[in-house]
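Asks: Counting from 1, one number per residue, gives the positions in the sequence shown under the UniProt record's numbering.
Just so it is clear, CB atoms sit at the ideal spot from N, CA and C, and this is done for glycine as well.
Because the structure is a prediction, the values reported are computed rather than measured.
First the structure, which I've put down as structure tokens, then a few questions once you've had a look.
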Amino acid sequence: MKRLTEEQIEHSLIRARKIAKRESRKLSGGRRMLQPMRVFSRVRIPAPASLDLFNTKNYKLFIEFITLIRDYINDGEKILIDFRNT
Numbered sequence: 001m002k003r004l005t006e007e008q009i010e011h012s013l014i015r016a017r018k019i020a021k022r023e024s025r026k027l028s029g030g031r032r033m034l035q036p037m038r039v040f041s042r043v044r045i046p047a048p049a050s051l052d053l054f055n056t057k058n059y060k061l062f063i064e065f066i067t068l069i070r071d072y073i074n075d076g077e078k079i080l081i082d083f084r085n086t
């Protein structure tokens, strides 16, 4: 096996720190789904897992989703709806 140079070791440590810093900024679980982010100058809004008006838990998530869409459109923003979790 080839020995690593000091530059290679330093590079791998810097890379590991960057990855750890990036991972620490990510939110875990369901909190991540409700926060929109920008993609191609559009606000990306993830859809809830279930678009259901008859279940109380799903009803609340669906109404929050629709309200979020309406608020961004009223502000003149372009939106991108992400149905990946649906």
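Could you give the DSSP three-state label for D52: helix, strand or coil?
Replies: Numbered from 1 along the sequence shown, position 52 holds the residue referred to as residue 52. Correct three-state label for D52: coil.
Asks: Buried or exposed, going by whether 16 or more other CB atoms sit within 10 Å of the CB of I45?
Replies: Along the sequence shown, one-based indexing puts residue 45 at 45. With 16 or more Cβ atoms within 10 Å of its Cβ, I45 is classed as buried.
Asks: How is R3 classed by DSSP in three states: helix, strand or coil?
Replies: Counting from one through the sequence shown, the residue named residue 3 turns up at place 3. Correct three-state label for R3: coil.
Asks: Give me whichever residues DSSP pairs with D82 in a beta bridge.
Replies: Here the question's residue 82 lines up with position 82 in the sequence shown. DSSP output for D82 lists P46 as bridge partner(s).
Asks: Are the CB atoms of A47 and I81 within a distance shorter than 9 Å?
Replies: Residue numbering aside, residue 81 sits at position 81 when the sequence shown is read from its first letter. Residue numbering aside, residue 47 sits at position 47 when the sequence shown is read from its first letter. The answer is yes: Cβ separation under 9 Å.
Asks: Could you say which of Y72, E23 and S50 lies nearest to R84 if we only look at CA atoms?
Replies: Translated into positions along the sequence shown, residue 84 becomes position 84. The shortest C-alpha separation from R84 is found at S50.
Asks: How would you call L61, buried or exposed, if buried means at least 16 neighbouring beta carbons within 10 angstroms?
Replies: Counting from 1 along the sequence shown, the entry for residue 61 is found at position 61. Under this definition L61 is a buried residue.
Asks: Find the nearest neighbour of I73 within the set L4, V43 and S24, judged by alpha-carbon distance.
Replies: As a position in the sequence shown, residue 73 is number 73, starting the count at 1. I73 has its Cα closest to that of V43, out of L4, V43 and S24.
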